[in-house]
Amino acid sequence: MSLFKDIFGGSEESKAESKMAWRELTDLGQLNEIVNESTETLVVIFKHSTRCSISRMALRQFEQEFDLEGKVIPYYLDLLEHRDISNEIANRFGVYHQSPQLIVIKDGKAIYDRSHESIEAKKLADLV
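This is the structure in structure tokens:
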């Protein structure tokens, strides 16, 4: 089991290693909060599959590049635990579901979304 955890990681491992101030997205009601928050500050949703090595690499790279603390509100969604929330994000914000995926919300609308190797924290600076 340890070998698989080393290769694919786990949700607890990802959270423990992160130096970002992620807000965990665990309830459908939080999407209303995100819409409200996005009228004042950009909101970033990172959709992550804890069993996917590509998703884990994208998450780690994003965290290493991220330098917009206090300028955006970052949310983390564990897709395996909360697929219902992922489906509602796709529906509510009109984005096609992918994993890993980065979605930027402004004024209640998705203004930017990328997946896989196209996820780059540096590009967020242009949106702030």
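With the first letter of the sequence shown counted as 1, position 28 gets the number 221 in this note's numbering; the numbers rise by one all the way through. Where a beta carbon is used, it is the ideal one built from N, C-alpha and C, also for glycine.
Proximity below 8 Å, CB of residue i to CB of residue j
| i | j | result |
| --- | --- | --- |
| K240 | S292 | yes |
| A251 | H290 | no |
| I304 | I238 | no |
| V236 | I266 | yes |
| S231 | I298 | yes |
| A318 | E262 | no |
Exposure label - residue i; buried when at least 16 CB within 10 Å
| i | result |
| --- | --- |
| R276 | exposed |
| V321 | exposed |
| T243 | buried |
Beta-bridge pairing of residue i - partner residues as DSSP gives them
| i | result |
| --- | --- |
| K302 | K299 |
| E256 | According to DSSP, E256 bridges with nothing at all. |
| Y268 | R216, I238 |
| Q294 | K240, S308 |
| E262 | V265 |
Distance cut-off 7 Å: residue i Cβ against heavy atoms of the ligand SAM
| i | result |
| --- | --- |
| I278 | As presented, the structure is devoid of all ligands, the ligand SAM included, so that no description of it is given. |
task: Only counting runs of 4 or more residues, tell me where the alpha helix (DSSP H) segments fall wholly within the region 211-236, in order along the chain.
output: 223-230
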